[in-house]
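Numbering (the working numbering), first residue to last: 402 to 977.
Encoded structure:
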């Protein structure tokens with residue numbers, strides 16, 4: 402019994418937190434409407450007793466306390482004790498209660514949608530402003546699942562929590578009404594409702610556990626499937642999709658088991674609750690008629706009040722169970738948001754960069770955990786020139802670019818833009834001046850023009866075409882059936898690797914950046930195309946500062962300054 406009380410308290414605490422998490426005004430508005438709805442229903446029910454007395458003709462010279470109280474209230478309000486008026490009050494009370502409840506539930510519906518929307522927008526905002534190091538440690542599928550599936554289930558949890566609050570308010574109203582009729586009626590109603598709730602709390606706990614498993618299994622399945630689809634070409638090429646399909650089937654069947662348990666516990670609760678309610682009502686009516694010898698007219702009203710009180714306990718239990726099934730998604734979503742929020746990138750710099758002279762690294766050191774990558778390196782990237790950084794894979798070439806972008810902070814030393822430390826510069830303003838082409842090009846399942854402009858309407862088609870020509874991909878676009886409106890496929894799979902890289906270069910060039918960073922941007926191109934791009938980039942070098950991270954000799958030959966990274970050090974290669 403004590404364990405059941407603790408479980409019930411824990412369930413209600415969790416539900417209250419979810420309900421009031423929507424803010425202050427919305428929950429309070431809902432509660433006020435529900436209280437008013439309950440009061441209107443109580444007025445309607447109070448008019449039943451004198452109506453039944455009048456209809457039965459069983460007037461008494463010594464009326465019961467409840468009959469006296471009801472009569473005095475109506476006389477004080479100046480309402481004639483006529484059956485037509487009393488029945489009209491009963492109907493009006495129920496109608497007003499229904500209208501208020503409908504308004505409240507409609508408001509709850511808007512709030513439910515708002516909860517899902519706010520959770521999604523909050524997570525998206527946190528993700529867009531998080532540090533780069535946070536992304537590199539997280540599976541993409543985890544965020545896709547949170548925004549897609551968990552947000553929806555989280556809103557269902559709020560809806561069920563609102564339903565619990567609705568039933569709780571009704572229970573309190575009915576209990577007070579029962580107390581006004583008879584303290585025995587109130588005590589009996591609460592006792593029966595409490596016994597039913599405690600007897601079903603184990604099923605609520607099992608539903609909560611099944612809901613947690615559903616959340617966990619769904620997250621795992623979506624995360625794995627997202628990673629699988631990203632690498633689907635290589636997986637199918639090696640005939641590994643059958644084996645992975647079996648693994649997904651195992652997760653899917655496990656998820657199916659959790660869902661099946663939730664449905665089972667839901668119907669078990671309902672089917673256990675109904676016979677218990679019938680049993681206790683039968684015992685009450687027997688005791689009221691045989692032991693307390695309550696008149697039939699009062700017994701009918703008391704029976705209605707008790708039935709409604711006990712039924713609200715049952716509805717509370719059902720709503721509590723529904724909330725328990727989906728609350729884990731709400732808390733999982735909150736956990737992801739809190740985690741992402743703790744990784745928000747700090748942008749405390751106030752200076753606006755210009756990049757008129759140079760970029761400098763002064764005695765910069767950096768490590769990935771215990772692994773030292775750069776040790777007290779110094780280099781200068783002159784403005785308006787092409788600088789190449791060479792070295793073997795893993796030497797730290799891309800790390801230099803990441804430090805320049807502000808993705809990582811140096812352990813020691815400084816990164817300077819025109820002699821101003823990077824940590825004093827507004828990162829957003831600085832990155833807005835950069836065109837970046839990574840080694841792994843990501844294109845969206847959209848048109849060529851949208852992949853280049855990223856949906857920004859400020860770019861004209863002429864500007865897009867100029868960027869495409871500079872990137873050396875004009876012939877492909879010109880000969881495509883839809884031109885700039887050609888769809889590139891998921892991650893650009895309808896294009897060759899070289900075409901994808903050139904579209905990425907066009908994306909970087911279209912907004913005319915002050916600094917263009919090419920991280921192995923031409924590694925997938927043939928020598929002729931690479932030479933053409935190098936020539937085009939060379940022509941732009943007076944307007945752009947260009948940093949090329951490369952293994953390709955074409956860039957070394959094209960560059961004004963060349964650095965070589967090896968053994969945590971950077972050495973300038975003198976040009977002949």
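Backbone N, C-alpha and C fix where the C-beta goes; we use that ideal spot for every residue, glycine too.
Strand pairing of residue 919, partner residues [DSSP]: Here residue 919 corresponds to residue number 518 of the chain shown, with the count starting at 1. 838 and 949, per the DSSP bridge assignment.
Among the residues of its own chain, which have a CB less than 6 Å from the CB of residue 798, if the five just before and after it don't count? On the chain shown, position 397 is the one that residue 798 refers to. These residues qualify, in order along the chain: 790, 792, 950 and 966.
What residue from 553, 664 and 627 has the CA that sits closest to residue 522's CA? Here residue 522 is taken as the residue at index 121 of the chain shown, counted from 1. That would be 553, whose Cα lies nearest to the Cα of residue 522.
Can you have a look at residue 725 and say buried or exposed, based on whether 16 or more other CB atoms are within 10 angstroms of its CB? As a position in the chain shown, residue 725 is number 324, starting the count at 1. Its Cβ being crowded by 16 or more others within 10 Å, residue 725 is buried.
Backbone CA spacing between residue 615 and residue 656 [nearest angstrom]: By 1-based counting over the chain shown, the position of residue 615 is 214. By 1-based counting over the chain shown, the position of residue 656 is 255. C-alpha of residue 615 to C-alpha of residue 656: approximately 6 Å in a straight line.
Along the chain, where does the beta strand (DSSP E) containing residue 767 start, and where does it finish? As a working mapping, residue 767 is identified with position 366 in the chain shown. Looking at the DSSP string, the run of the beta strand (DSSP E) that includes residue 767 is 759 to 769.
Reference residue 888, options 898, 907 and 852, closest by Cα: Position 487 of the chain shown, counted from the start, is the residue given in the question as residue 888. For residue 888, the closest alpha carbon among the candidates 898, 907 and 852 is that of 852.
Can you tell me where the alpha helix (DSSP H) with residue 906 in it begins and where it stops? As a working note, residue 906 is residue 505 in the chain shown. Element bounds for residue 906: 898 to 910.
Range covered by the beta strand (DSSP E) that runs through residue 551: Counting from one through the chain shown, the residue named residue 551 turns up at place 150. Taken as a continuous stretch (DSSP letters only), residue 551 belongs to no beta strand (DSSP E), as it is neither H nor E.
Rounded to whole angstroms, what's the CA-CA distance from residue 534 to residue 712? Just pull it up for me. The residue labelled residue 534 in the question sits at position 133 within the chain shown. The residue labelled residue 712 in the question sits at position 311 within the chain shown. The straight-line gap from Cα to Cα measures roughly 54 Å.
Keeping to the same chain, check which residues put their C-beta closer than 8 Å to that of residue 813; ignore five residues upstream and five downstream. Locating residue 813 in the chain shown gives position 412, counting from the first residue. The residues are 764, 765, 766 and 777.
Grouping DSSP H, G and I as helix and E and B as strand, with all else coil, what is residue 640? Position 239 of the chain shown holds residue 640. In this structure, residue 640 counts as coil in the three-state DSSP scheme.
Shortest alpha-carbon distance to residue 747 belongs to which of 898, 810, 567 and 673? Walking along the chain shown from the start, residue 747 turns up at place 346. If we check each option's Cα against that of residue 747, 810 comes out closest.
Would the beta-carbon of residue 422 fall within 9 Å of that of residue 559? Reading the chain shown from its first residue, position 21 is the one you call residue 422. Reading the chain shown from its first residue, position 158 is the one you call residue 559. In contact: residue 422 and residue 559 (Cβ atoms closer than 9 Å).
Cα-Cα, which of 638, 632, 658 and 594 is closest to residue 617? Indexing the chain shown from 1 puts residue 617 at position 216. Per the C-alpha coordinates, the member of 638, 632, 658 and 594 positioned closest to residue 617 is 658.
Opening and closing residue of the alpha helix (DSSP H) in which residue 539 lies: By 1-based counting over the chain shown, the position of residue 539 is 138. Unbroken run through residue 539: none, as it is neither H nor E.
Looking at residue 436 and the ligand PLP, is the gap between the Cβ and the nearest heavy atom below 8 Å? Looking at this structure, you won't find the ligand PLP or any other ligand, since it has none at all.
Where does residue 894 land, buried or exposed, given buried means 16+ other C-beta within 10 angstroms? Position 493 of the chain shown, counted from the first residue, corresponds to residue 894. Counting Cβ neighbours within 10 Å, residue 894 comes out exposed, since fewer than 16 surround it.
Looking at residue 532: is its Cβ nearer than 9 Å to the Cβ of residue 744? The residue labelled residue 532 in the question sits at position 131 within the chain shown. The residue labelled residue 744 in the question sits at position 343 within the chain shown. Yes, these two residues count as a Cβ contact at 9 Å.
Contacting residues, own chain, Cβ-Cβ under 6 Å from residue 741 (five flanking each side not counted): Taking the chain shown and counting its residues from 1, the one referred to as residue 741 is at position 340. 527, 528 and 531.
When 846, 806 and 861 are compared against residue 362, the one with the closest alpha-carbon: The displayed coordinates of the chain run from 402 to 977. Any statement about residue 362 would go beyond what the structure contains.
Tell whether a beta-carbon distance below 9 Å holds between residue 721 and residue 565. Along the chain shown, one-based indexing puts residue 721 at 320. Along the chain shown, one-based indexing puts residue 565 at 164. The answer is yes: Cβ separation under 9 Å.
Is the beta carbon of residue 849 closer than 9 Å to that of residue 884? Along the chain shown, one-based indexing puts residue 884 at 483. Along the chain shown, one-based indexing puts residue 849 at 448. Yes, Cβ-Cβ distance for residue 884 and residue 849 is below 9 Å.
Per DSSP, cross-strand counterpart(s) of residue 790: Along the chain shown, one-based indexing puts residue 790 at 389. The bridge partners DSSP lists for residue 790 are 950 and 964.
Please report how far the alpha carbon of residue 753 lies from the alpha carbon of residue 831, in whole angstroms. Translated into the one-based positions of the chain shown, residue 753 becomes position 352. Translated into the one-based positions of the chain shown, residue 831 becomes position 430. Each residue's Cα considered, the two are about 7 Å apart.
Measure the alpha-carbon distance for residue 980 versus residue 705 and round it to whole angstroms. Residue 980 lies beyond the range of the chain shown here (402 to 977); nothing can be said about it.
Does DSSP put residue 863 in a helix, a strand or coil? Working through the chain shown from its first residue, we reach residue 863 at position 462. Helix at residue 863.
DSSP on residue 972, reduced to helix/strand/coil? Position 571 of the chain shown, counting from 1, holds the residue named residue 972. The three-state secondary structure of residue 972, taken from DSSP, is strand.
Give the straight-line distance between the Cα atoms of residue 877 and residue 900, rounded to the nearest whole angstrom. Taking the chain shown and counting its residues from 1, one reaches residue 877 at position 476. Taking the chain shown and counting its residues from 1, one reaches residue 900 at position 499. Taking C-alpha positions only, residue 877 is separated from residue 900 by approximately 8 Å.
Straight-line gap, residue 773 to residue 911 (C-alpha atoms, nearest Å): As a first step, residue 773 must be located in the chain shown, where it is residue number 372. As a first step, residue 911 must be located in the chain shown, where it is residue number 510. C-alpha separation (whole angstroms): 37 Å.
On the criterion of 16 or more Cβ atoms from any shown chain inside 10 Å, does residue 568 qualify as buried, or is it exposed? Walking along the chain shown from the start, residue 568 turns up at place 167. Buried, since its Cβ has 16 or more Cβ neighbours within 10 Å.
Backbone CA spacing between residue 563 and residue 509 [nearest angstrom]: By 1-based counting over the chain shown, the position of residue 563 is 162. By 1-based counting over the chain shown, the position of residue 509 is 108. Straight-line Cα distance between these residues: approximately 7 Å.
Range covered by the beta strand (DSSP E) that runs through residue 813: Mapped onto the chain shown, residue 813 falls at position 412. Taken as a continuous stretch (DSSP letters only), the beta strand (DSSP E) holding residue 813 covers 813 to 818.
Residue 624 - DSSP class collapsed to helix/strand/coil: Counting from 1 along the chain shown, the entry for residue 624 is found at position 223. Helix.
Cβ atoms of residue 855 and residue 908: under 9 Å apart, would you say? Counting from one through the chain shown, the residue named residue 908 turns up at place 507. Counting from one through the chain shown, the residue named residue 855 turns up at place 454. In this structure, the beta-carbon distance from residue 908 to residue 855 falls below 9 Å.
Compare the C-alpha of residue 581 against each of 917, 782 and 703 and name the closest. As a working mapping, residue 581 is identified with position 180 in the chain shown. Looking at the Cα atoms, 703 is the closest of the given residues.
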